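Protein chains in written order, with this note's numbering: chain A, 11 to 585; chain B, 33 to 678.
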Amino acid sequence: MGLLNSSLQIGRNAILSYQGALQTIGNNVSNVGSPDYTRLAPLLDPIQGVPIAGGLQPGAGVALTGIQRNLDEALEARIRQSIGIQHGSASVQVTLAQVELYFSNLNGTDTASRLSDFFRAFDELQNNPDDHAARDLAISAGARVADSLRSTRAQLEQLGRDTDGQIKQIVKRADEVAREIAKLNGQITASEAGRAGQATALRDRRDALLRELGRYFDVTVREQPNGALNVYVGSEALIQGGMTRGLVATADSDGQFTRTTVRFADNNQQLAITGGQLGGTIISRDVHAYGRVAALDQLAAIIIHDVNRIHADGQGLNGFRQVVGRFDLLATDVPLNRPDAGLPFTPNNGSFFITVMDDTTQTPVAYRIDVNFDGDEPTTLESLVDRINATTDHVTASVTSDGRLAITADNGFSFSFGHDGQVARTDTSGVLAALGINTFFEGRDARSMAVSQDIVRNPSLIAAASVFVSGDGANAGRIAALDTAQSRRAGGVSITNAYNAIANAVAVDASAANEQIAAAETVLASLQAQKESISGVNLDEEAIQLLKFERAFQGAARYVSTVDQMLGELIALMR
Amino acid sequence: MTVGPINIARVSQGLRTNFAIESLRRNQRDVFAAQTRIATGRDFVNPSDDPIRAARALDLTQALNQQRQFLANLTFGDNSLSAADSAISEISDLLIQASTIASQNVSNLTSAAERTAEAELIANIRQQLQIVGNRQINGKFIFGGRDTKDRPFIDAIGGIAYVGDTGYRFTRVEQDLASAVNIPGHQLFNALSRQIASNVDLTPRLTDSVRLDDIRVAGGGTIQTGILVFHEIDGAGAFTVDLTDADTIGDVIGLINQAAEDAGASLTATLEDDHLLITPAGSAITISDSGGGAIAASLGIRQTVPTSSPIQGQELIPRLTRLTPIEDLARGNGIDIDSGLIITNGLEQVTVDLAAATTVQDIINAINNAGVFVLAQISDDGTRIDVFNRVSGASLSIGENGGTTAADLGLRTMDTATPLSELNFGRGVTFQPGQDDIRITATDGTTLDVNLDGAETIGDVIELINNAATAGAVNITASFAATGNGIRITDGTGGAGALTVSGLNVSTAAIELGLDVTTAPGDTELAGRDVNQVRTEGILDALFDLERALRADDTRGITLAGGRLDELRQEVTRMHGVIGAGAQAMTSKRQQMEDAAITTELFLSEVRDLDYAEAITQLQSAMTQLQANLQTTSITMGLSLMDFLR
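Next up, the structure:
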């Protein structure tokens, strides 16, 4: 009887095993649509039985010894990283696509076109220096260059702020994900403790969350023997077992821009974020948004300086009765070339000419004012004022209450710069442009750049002439030639090329970002294909498995019924 | 998204779905991209689509903008020059009329009354010429040089003064090339005189404060900026002096000495007369330029062989500028300015007081403001002051006011060294060879006949008169005026008659030497005229001449003026040619520029614009791909073993 009983046991084992196997297949089939699901495979093993007569061992049937998750951990890690790269590239690409719009030269309203228009306006001014329309055109062209630079800068700054705002959102979500992973760690450890099988659904959920965390920044994952995962950012642990250190975003300002930094909640330590959406967003903000603000500011300074330097050597239609510098100083008693004087542009040794004219006789009397920073008495604003007053007649220099140079002519006199009454004389010191005397632009950077208020109010002050004659446009011609002339301040390239370099860099970066994201997507797709090939469910396969286990189950059932028949035969013998 | 070439063991349902989604997305994106390109007509929509071509397109667009501006400038220049061109045609016509009148009146057949009437015609022609000279286009005087807002030709001191500017207006016609678009009025009519000839060199003394851009080096060239490299062999070794920031020659010396001191070197730099002197102390030195600089070479102190003796730089010649102090003039010798000048232009005479002048501009301003319509300015080579007569119809004379100011400044129109051949506007003085030329009648009636044969200068004439007086024991002395200009005859005979000078043997020398002046009886001095006056030699001046001669019924004057007009007609024809050539150059440059702009546009189109045939083919191919993908996807996705399970 023992024999028959053990035969029945074989049938029972087989029925239970195939039931389990069919359940697993059913689970696979039903999860064919869930993206995070890992295909399970039932592991069926033969059971060692007791020997029968003659010592033979027919075996004890089959047992469902395990359910295997078809998962490649190494592949999973690579996918996590690849998702990070893809999202990092995507955020850079999105940012650059916007930056590119600001610099795009395809619609004719960009800074490049406006710069071109500006220099062309000065060509027209050279042709018609005594024409008020040409002067108004030059002013509006200058204003449009300034507007364009200012609005591009504002857009970039706004983009930087928006990008920074995204960082806060991402950190908030990453913190939630970390917390959930920590929670799942605890649940998995509890669920798997003392059991052979894995908590597959919980693990699938945790893997999905890890992938999400890897999307935000680069993480390193270490599995612990108890099934928990420790997650590291750089060398710092973020999650250990069921605990997360928490993430917070804080706003730090460097005086110009506010930047959000990511810190651990427990000790406020800054995270070394690399890669991922967060890494990409930080690069977008710092390099592509705020970084280009700096480049625009530099370009604006070059334009302001170079145009003003030439403009300061020219003359308008009339002389000045009074002129007040457009730049104020921080200190009027320190040498003008020192940073603490507070001038945006640094003057050097040299000299400039003031030519005073008497209204009635129109007789020019020129004076040369020397500026020197080498000797024992380097020129300060105050000493410059003293020198002008000691050298000239009929004009008075003074320092305004807000630290600017003011020069005023006596009644019946006017004055001009950049000529001696017969020929043009350049300001070799650059001090006029540095102080904003007789300048076209004012401001120091793309944000503050504007056409000088003096000129807007009085267009006849545009210094088109080089020898103070109404129809002389030589100085306007020199400004027009700046578009292709080498600029020392721009490192030996022209203003136009300096702008082009910025615009081209944006295009190159955007193109690189496009390529990078295409590459990242390709890699990710390959990895996901590989993963799908291992972990994904194939319905046809499952159908075959289903048939196989169904048949096996049928076989087992038939076997049990056969054994039952055999038992019946034996019982019938006893009657 | 592309699926890379990987070996896939199994194809799961998810993989199949993902692949279908991604490949359809890609197909659709390709279709959209091709569609966008066709819709915009651009080969690339964003610069990032092709950064290299985008950069090229940007460059080309800017180049095109510039070329279009140059085209606009050339059109502007062409129009301006054609205005000058048509003015010259009018001038030419009017000149022919004037010439005809002159030639009709050269013979003695016309009466004085007829000539007076003709004079009115000439005056009328002159007025018409003045109107041409004052022509305005768009409210601007086109012949005023760079001064377009003031009338350039005005009536002044009995003539017509050119008060316009003498400079050119330019327009940019190419990168680094500007072309003049105007003819200043003084060139149109030759309305400025030549400058007063003189060999006076006012080149100032070289001082510490002279700006480097005001210095030229002997033999031409200017001082470069750059970095000097000194090497003190047995001393401080090598050290550099950065002179890029140096503004004056004093800065150069200061920077060298400062750098030497900082480097512990004992050499010194000083300014000696008109050159730089580098004096080594105790060690031989070499001096060279850093990199490709040329400042040591331009200062003449480049010394590559070690030397212990002083290195003397080359001669540095400062330019005369408006700010040059008077005491620095003529290499520091200074000049007499206390006495001042007497300027006579036409009937106006002024004494210019220069006593308060301290710099050159004070002298120039005083002369320009004297109210006699002269133009004083520093010569282009920066060595002297030039004075021009602005008035057509008046002659300019500058003389002394008792001192040597005019001569020191090189502005005296006539002096003892003036060659006789230059007198009377180049017509010179004619003598009767072998015969006496002038007779001086003293107040007591004594006469002195002088043969002027062999005289070449005013000084020679004075000497011949004085020699004749000594030989003839007549108490008459000839001298050159200490005030004003001209030969002075002083009479010591003490008579009561009039002192006169007249011609002998039909010689015109008395008139040509300016001695034909009348004196009151008993006057002991006869002040001769300045016969080396400066006049404009232009059309307007010749017309004034002709008009005066016609009114005076002066046949010789009419002939001379007529001859001048004929010469000036050739000059006008030449000017016409010059302007024509200028306009032609503009036109041909415009054609070149148009060609260049078209080429640029072509390049730009090649770089930026779409090749429709290619784009449409691409769209077609993308659409075919999409269709194929849709079909195969729907077939494969619909296929499942589940369908066969019962």
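Glycine included, every Cβ here is placed at the ideal spot set by N, Cα and C. Here the structure is a predicted model, which is why all the values come from computation and not from measurement.
{"Check": "Report the CB separation of Asn23/A from Ala87/A in whole angstroms; it is logged as a contact under 8 Å.", "Outcome": "In fact, because the Cβ distance is near 39 Å, the residues do not count as touching under 8 Å."}
{"Check": "In chain A, what lies closer than 8 Å to Glu569/B by C-beta?", "Outcome": "Result: empty, since nearest Cβ-Cβ is about 24 Å, beyond 8 Å."}
{"Check": "On a CA-only basis, which of Gly345/B, Gly570/B, Thr280/B is nearest Met607/B? Give me that one, please.", "Outcome": "Gly570/B"}
{"Check": "From Ala328/B to Gln280/A, what distance separates their C-alpha atoms?", "Outcome": "58 Å"}
{"Check": "Closest to Gln463/A by C-alpha separation, out of Thr449/A, Arg454/A, Ser476/A, would be which residue?", "Outcome": "Thr449/A"}
{"Check": "Would Lys621/B pass as an interface residue toward chain A - the criterion being a Cβ-Cβ separation below 9 Å?", "Outcome": "no"}
{"Check": "What residues from the stretch 194 to 207 of chain B come within 8 Å of chain A, judged by C-beta to C-beta, listed N to C?", "Outcome": "Asp197, Gly199, Arg201, Phe202, Thr203, Arg204, Gln207"}
{"Check": "Name, please, each residue of chain B whose Cβ falls closer than 7 Å to the Cβ of Asn137/A.", "Outcome": "Asn105, Phe108, Thr203"}
{"Check": "Does the stretch 211 to 218 of chain B come close enough to the stretch 189 to 202 of chain B to have 3 or more Cβ pairs within less than 8 Å?", "Outcome": "yes"}
{"Check": "Kindly indicate the opening and closing residues of the alpha helix (DSSP H) around Gly431/A.", "Outcome": "Counting along the chain, Gly431/A falls outside any alpha helix (DSSP H), and DSSP gives it neither H nor E."}
{"Check": "Spatial neighbours of Gly546/B within its chain, please: CB distance less than 6 Å, with the 5 preceding and 5 following residues excluded, ordered by chain position.", "Outcome": "Gly518, Gly560, Arg561, Val563"}
{"Check": "Let me know the secondary structure DSSP gives Asp350/A once reduced to three states.", "Outcome": "helix"}
{"Check": "Taking only the alpha-carbon atoms, compute the straight-line gap between Ala513/A and Ala87/B and give it to the nearest angstrom.", "Outcome": "8 Å"}
{"Check": "Determine, using beta-carbon pairs with one atom in the stretch 334 to 351 of chain A and one in the stretch 399 to 418 of chain A, whether at least three such pairs fall under 8 Å.", "Outcome": "yes"}
{"Check": "So with CB distances below 9 Å, who are the chain A contacts of Ile40/B?", "Outcome": "Ala539, Gln540, Glu542, Ser543"}
{"Check": "At 8 Å on the CB atoms, spell out the chain A contacts of Met669/B, in chain order.", "Outcome": "Simply none; closest approach about 11 Å."}
{"Check": "So which residues on chain B does Gly36/A lean against when the C-beta distance must stay under 7 Å?", "Outcome": "In chain order: nothing, as chain B lies at least about 13 Å away."}
{"Check": "Give a yes or no on whether 9 Å exceeds the smallest Cβ distance from Ser426/A to chain B.", "Outcome": "no"}
{"Check": "Alpha carbon to alpha carbon, how far is Arg622/B from Asp91/B? Give it in angstroms, no decimals.", "Outcome": "22 Å"}
{"Check": "Just to confirm, is the Cβ distance from Asn105/B to Asn137/A under 9 Å?", "Outcome": "yes"}
{"Check": "Check whether chain B comes within 9 Å of Thr373/A, counting only Cβ atoms and requiring the distance to be less than that.", "Outcome": "yes"}
{"Check": "Quick check on DSSP: helix, strand or coil for Thr302/B?", "Outcome": "strand"}
{"Check": "Assuming Phe451/A contacts Val317/A under a Cβ cut-off of 8 Å, what Cβ separation, rounded to an integer in Å, is found between them?", "Outcome": "6 Å"}
{"Check": "Is the stretch 187 to 195 of chain A close to the stretch 477 to 489 of chain A, with three or more CB pairs under 8 Å?", "Outcome": "no"}
{"Check": "How about Asp228/A and Gln29/A: are their beta carbons less than 9 Å apart?", "Outcome": "no"}
{"Check": "What runs of the alpha helix (DSSP H), each 4 residues or longer, lie entirely inside the stretch 497 to 582 of chain B?", "Outcome": "541 to 544"}
{"Check": "Compare the Cα-Cα distances from Leu220/B to each of Pro236/B, Tyr194/B, Gly323/B, Asp187/B and report the closest residue.", "Outcome": "Tyr194/B"}
{"Check": "Which residue or residues does DSSP assign as beta-bridge partners of Arg243/B?", "Outcome": "Thr280/B"}
{"Check": "So, helix, strand or coil for Phe132/A, using DSSP?", "Outcome": "helix"}
{"Check": "State the Cα-Cα distance for the pair Gly98/A and Glu560/A, rounded to the nearest angstrom.", "Outcome": "48 Å"}
{"Check": "Can a CB atom of chain B be found closer than 9 Å to the CB of Arg130/A?", "Outcome": "yes"}
{"Check": "Is the separation between the beta-carbon of Gly414/B and that of Asp246/B shorter than 9 Å?", "Outcome": "yes"}
{"Check": "Which one of Gly285/A, Gln266/A, Thr284/A, Leu257/A has the shortest CA to CA distance from Val272/A?", "Outcome": "Leu257/A"}
{"Check": "With C-beta atoms as the reference, is Phe362/A less than 9 Å away from Val381/A?", "Outcome": "yes"}
{"Check": "Could you compute how far the alpha carbon of Ser245/A sits from the alpha carbon of Ala460/A?", "Outcome": "49 Å"}
{"Check": "Pull up the CB-CB distance for Glu633/B and Leu103/B, whole angstroms please, since I reckon it's below 8 Å.", "Outcome": "Contact doesn't hold; Cβ gap of about 12 Å is too wide."}
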